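Visitor: Counting from 2, one number per residue, gives the positions in the sequence shown under this note's numbering.
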Amino acid sequence: MRDHVEPLRQPRVYLETYGCQMNIADSQTVTAVLRRAGYVSTDRAEDADVILLNTCAIREHAEERVLGRLSDLARLKNRRPELKLGLLGCMAQHNRAALLEQAPWVDVVAGPDAYRRLPEMLGGFDPAVDVRLDRAETYADISPAHEGGVRAYVTAMRGCDKFCAFCVVPYVRGRERSIPPADLLREIGALAERGAREVVLLGQTVNAYRYEATDFAALLRLVARVDGIERIRFTSPHPADMSDSLIDAMATEPKVQPYLHLPVQSGSGRVLAAMERGYTVDEYLALVERLRAAIPALALSTDIIVGFHGEEERDFEATLALMRAVQYDHAFTFKYSVREHTRAFKLGDTVSEEEKGRRIAAVIALQESISLERNRASIGRVYPVLVEGPARRGGGMLAGKTPQFKTAVFAAGEGVRPGDTIGVRVDSASAHTLVCSQAQP
Ligand code: SAM
Ligand code: SF4
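1) Exposed or buried, alanine 298, counting other C-beta atoms within 10 Å across all chains shown (16 or more means buried)?
2) Near the ligand SF4, which residues have their beta-carbon less than 6 Å from any of its heavy atoms, given in chain order?
3) Which ranges would you report for the beta strand (DSSP E) in the region 6-80 if only whole runs of at least 3 residues count?
4) Tell me whether isoleucine 392 is buried or exposed, calling it buried when 16 or more other Cβ atoms sit within 10 Å of its Cβ.
5) Would you kindly work out how many angstroms separate the C-alpha atoms of serine 429 and alanine 400, rounded to a whole number?
6) Rounded to whole angstroms, what is the Cα-Cα separation between glycine 20 and proline 105?
7) Report the residue ranges of all beta strand (DSSP E) runs contained in full by the region 348-426; include only those spanning at least 3 residues, in chain order.
8) What's the gap between the Cα of alanine 322 and the Cα of leucine 367?
9) Using CA coordinates, which residue listed in Arg178, Arg359, Gly196 is at the minimum distance from alanine 141?
10) Which class does methionine 251 belong to by DSSP, given the choice of helix, strand or coil?
11) Taking 8 Å as the cut-off, is the C-beta of proline 12 nearer than that to any heavy atom in the ligand SAM?
12) With DSSP as the reference, identify every bridge partner of glutamate 231, one or two as the case may be.
13) Does the Cβ of arginine 10 have 16 or more other Cβ atoms within 10 Å, making it buried, or fewer, making it exposed?
14) Which of the three DSSP states, helix, strand or coil, is assigned to aspartate 131?
15) Write down the C-beta distance between leucine 100 and leucine 88 rounded to the nearest angstrom, noting that I regard them as a contact closer than 8 Å.
16) Note down the Cα distance separating alanine 412 from leucine 273, rounded to an integer number of angstroms.
17) Using only the heavy atoms of the ligand SAM, determine whether one of them is closer than 8 Å to the beta carbon of threonine 343.
18) Thinking isoleucine 248 and arginine 291 are a contact (beta carbons under 8 Å), I'd like their distance in whole angstroms, please.
19) Does DSSP put cysteine 437 in a helix, a strand or coil?
20) Looking only at C-alpha atoms, which of Pro240, Leu202, Gln205 sits nearest to glutamate 284?
21) Going by CA-CA distance only, name the one from Leu84, Arg325, Met92, Ser372 that's closest to leucine 1.
22) Let me make sure I understand the geometry here. Which of Gly196, Glu354, Glu415 has the alpha-carbon closest to that of phenylalanine 335?
23) Please report the distance separating the alpha-carbon of methionine 2 from that of glycine 39.
24) Quick check on serine 246: does DSSP put it in helix, strand or coil?
25) Taking 8 Å as the cut-off, does the CB of aspartate 304 come closer than this to any heavy atom belonging to the ligand FMN?
26) Have a look at alanine 75 and aspartate 245 and give me their C-alpha separation to the nearest angstrom.
27) At the level of alpha carbons, what is the spacing between glycine 125 and proline 145?
28) For glutamine 94, which residues from the same chain have a beta carbon less than 8 Å from its beta carbon, with the 5 sequence-adjacent residues on both sides left out?
29) Mind reading off the beta-carbon distance from glutamine 405 to alanine 300? Whole number of angstroms is fine, and I expect it under 8 Å.
30) Kindly list the residues whose CB is nearer than 6 Å to the CB of phenylalanine 317, restricted to its own chain and excluding five residues on each side of it in sequence; keep chain order.
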């Protein structure tokens with residue numbers, strides 16, 4: 002009689018992602034690496050054999066959230082000591098020593114260039130740490146496990162060479178490197194076949210992309226040739242790398258959408274210089290003018306930091322003045338957080354937490370009023386919207402984005418499906434949403 006052999010159970014992995022779009026894209030690469038090694042994904046931490054947190058180190062607050070989550074997971078590990086816990090990404094890279102001291106129950110610590118080795122690291126018996134930065138690692142041969150859906154995020158370049166004084170990214174993600182265009186086009190073609198209609202190219206300074214003779218403008222034109230892809234976006238470009246050829250590609254390539262996230266950080270020349278951003282206020286404003294002249298329908302968003310080292314009331318007022326001058330459609334706002342390893346670390350914090358709170362509240366209030374005014378100005382206009390799926394507010398409404406990346410919600414006729422592009426007319430608007438009805442584009 003033959004022995005009955007139990008089939009081997011595939012180990013289950015639960016992955017939680019913190020931080021930016023690039024981390025979400027990295028998590029898809031991690032999932033692909035682990036699936037190749039025989040792991041399956043689970044949505045429930047309680048069911049998992051391996052729990053991974055893909056972390057962010059951009060501000061102290063982001064790190065505190067992960068430390069809190071790690072304490073919760075320690076309880077699970079106490080109950081099931083065979084459970085493996087891993088910390089991935091920027092925080093793993095940034096603070097491994099302190100981390101291992103604060104959370105000694107973590108089994109694996111892997112920086113952003115170590116994901117290829119994860120199966121090996123998880124298979125060992127001892128805690129494993131790999132935080133080597135690798136200038137050659139692009140994961141170009143690994144097809145990320147995209148979730149499907151109308152919009153797909155694709156990493157075009159990794160790392161950053163800018164070294165802004167406040168920012169930890171170059172230290173935790175390493176130096177700039179671009180993924181070969183042939184690999185990107187293969188990936189984007191496959192995504193289009195699986196139903197993606199919009200692609201968002203990602204990189205910390207995505208417009209610094211260069212692979213041999215292909216710069217970012219040329220890459221956009223190549224991606225525009227991929228059948229099935231109807232809309233192209235990218236984030237985050239750096240103002241100093243906005244070349245004329247890139248502006249021309251945005252203006253003349255119909256698939257490239259009229260929306261740009263153009264982080265300014267501050268409206269004070271003094272603060273921008275201290276931040277080592279590589280542009281002056283006048284240069285930034287001239288760039289906005291060139292962009293709007295070339296792309297009249299352009300929507301702009303930005304990142305603003307309040308309370309950087311040495312920021313005085315007049316510097317803060319200059320930021321408000323710049324916001325009034327530019328009239329952004331949206332702004333992401335941050336209180337300055339001192340980060341170890343950065344150039345500004347030794348300068349310390351000169352603005353109190355309370356004052357940062359006052360300044361950020363004023364920035365948010367100003368932006369809300371500008372966003373509301375700009376959105377109200379679109380009432381009565383018709384936009385093509387790429388339908389994504391049910392709106393969060395429910396009620397049978399659908400949601401999608403306008404070319405300017407504004408959220409439109411609308412009731413649509415029978416037969417309208419995610420992936421369709423339909424015309425909508427704006428009936429009313431809040432600072433964040435356009436309420437629309439279906440119309441002819
Ligand atoms: N590469 C992009 C650029 O240069 O604009 C930004 C990438 S970063 C992940 C996103 C935003 O986080 C930055 O634009 C900045 O506003 C904010 N940020 C970075 N370091 C920060 C710090 N130490 N404190 C507060 N905000 C910070
Ligand atoms: Fe950080 Fe500056 Fe690089 Fe953006 S450009 S990731 S802010 S160092």
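Idealized CB from N, CA, C, for every residue including glycine.
Remember, it's a predicted structure, so these values are computed and weren't measured experimentally.
Guide: Walking through what the data contain:
1) Mapped onto the sequence shown, residue 298 falls at position 297. So alanine 298 counts as exposed.
2) Cβ atoms closer than 6 Å to the ligand SF4 belong to Cys161, Lys163, Phe164, Cys165, Cys168, Val170, Pro171, Gln205, Thr206, His239.
3) Taken in chain order, the complete beta strand (DSSP E) segments of 3 or more residues contained in the region 6-80 are 13-18, 51-56.
4) As a position in the sequence shown, residue 392 is number 391, starting the count at 1. First, the amino acid is wrong: residue 392 is alanine here, not isoleucine. For alanine 392, the number of other beta carbons within 10 angstroms of its own is at least 16, and it is reported as buried.
5) Translated into positions along the sequence shown, residue 429 becomes position 428. Translated into positions along the sequence shown, residue 400 becomes position 399. About 15 Å.
6) Residue 20 sits at position 19 when you count from the first residue of the sequence shown. Residue 105 sits at position 104 when you count from the first residue of the sequence shown. Those two C-alpha atoms are separated by around 23 Å.
7) Listed in chain order, they are 383-391, 399-402, 408-412.
8) Within the sequence shown, residue 322 is the residue found at index 321, counting from 1. Within the sequence shown, residue 367 is the residue found at index 366, counting from 1. Between alanine 322 and leucine 367, the C-alpha separation is close to 10 Å.
9) Against the sequence shown, residue 141 aligns to sequence position 140. The shortest C-alpha separation from alanine 141 is found at Arg178.
10) Position 250 of the sequence shown, counted from the start, is the residue given in the question as residue 251. Residue state, collapsed to three classes: helix.
11) For the purposes of this step, residue 12 is identified with residue 11 of the sequence shown, where counting begins at 1. For proline 12, the Cβ stays outside the 8 Å cut-off from all heavy atoms of the ligand SAM.
12) The count along the sequence shown starts at 1 and reaches residue 231 at position 230. Note: glutamate 231 sits in no beta bridge, so no partner.
13) Numbered from 1 along the sequence shown, position 9 holds the residue referred to as residue 10. Counting the other CB atoms within 10 Å of its CB gives arginine 10 a total below 16, which places it among the exposed residues.
14) In the sequence shown, the residue the question calls residue 131 occupies position 130. Under the three-state reduction of DSSP, aspartate 131 is assigned to strand.
15) Residue 100 sits at position 99 when you count from the first residue of the sequence shown. Residue 88 sits at position 87 when you count from the first residue of the sequence shown. So it is a contact: roughly 6 Å between Cβ atoms.
16) Position 411 of the sequence shown, counted from the start, is the residue given in the question as residue 412. Position 272 of the sequence shown, counted from the start, is the residue given in the question as residue 273. Straight across, the Cα-Cα distance linking alanine 412 with leucine 273 is about 45 Å.
17) Here residue 343 is taken as the residue at index 342 of the sequence shown, counted from 1. For threonine 343, the shortest C-beta to heavy atom distance toward the ligand SAM is below 8 Å.
18) The count along the sequence shown starts at 1 and reaches residue 248 at position 247. The count along the sequence shown starts at 1 and reaches residue 291 at position 290. Between isoleucine 248 and arginine 291 a beta carbon distance of about 6 Å is seen, short of the 8 Å cut, so the two are scored as contacting.
19) One-based indexing of the sequence shown puts residue 437 at position 436. Strand, per DSSP.
20) Indexing the sequence shown from 1 puts residue 284 at position 283. Measuring C-alpha to C-alpha distances from glutamate 284 to each of Pro240, Leu202, Gln205 identifies Pro240 as the nearest.
21) Outside the modelled stretch of the chain, which goes from 2 to 442, sits residue 1, for which no answer is possible.
22) By one-based count along the sequence shown, residue 335 stands at place 334. Ranking the options by Cα distance to phenylalanine 335, first place goes to Glu354.
23) The residue given as residue 2 occupies position 1 in the sequence shown. The residue given as residue 39 occupies position 38 in the sequence shown. Any reading at methionine 2 needs caution, since the residue's pLDDT is 48, under 50, leaving its predicted position unreliable; the model's value is listed next. Cα to Cα, methionine 2 sits roughly 30 Å from glycine 39.
24) Here residue 246 refers to the residue found at position 245 of the sequence shown. In the structure shown, serine 246 sits in a helix (DSSP, three-state: H, G or I).
25) Because the ligand FMN does not appear in the structure shown, any question about it cannot be addressed here, the ligands present being the ligand SAM and the ligand SF4.
26) In the sequence shown, residue 75 corresponds to position 74, counting from 1. In the sequence shown, residue 245 corresponds to position 244, counting from 1. Alanine 75 and aspartate 245 have their C-alpha atoms roughly 52 Å apart.
27) As a position in the sequence shown, residue 125 is number 124, starting the count at 1. As a position in the sequence shown, residue 145 is number 144, starting the count at 1. If you take the alpha carbons of glycine 125 and proline 145, they lie about 24 Å apart.
28) Residue 94 sits at position 93 when you count from the first residue of the sequence shown. The residues are Ala58, Gly112, Pro113, Val132, Leu134, Tyr172, Val173, Arg174.
29) Position 404 of the sequence shown holds residue 405. Position 299 of the sequence shown holds residue 300. Indeed, because the Cβ distance is near 3 Å, the residues count as touching under 8 Å.
30) For the purposes of this step, residue 317 is taken as the residue at position 316 of the sequence shown. So the qualifying residues of the chain are Arg360.
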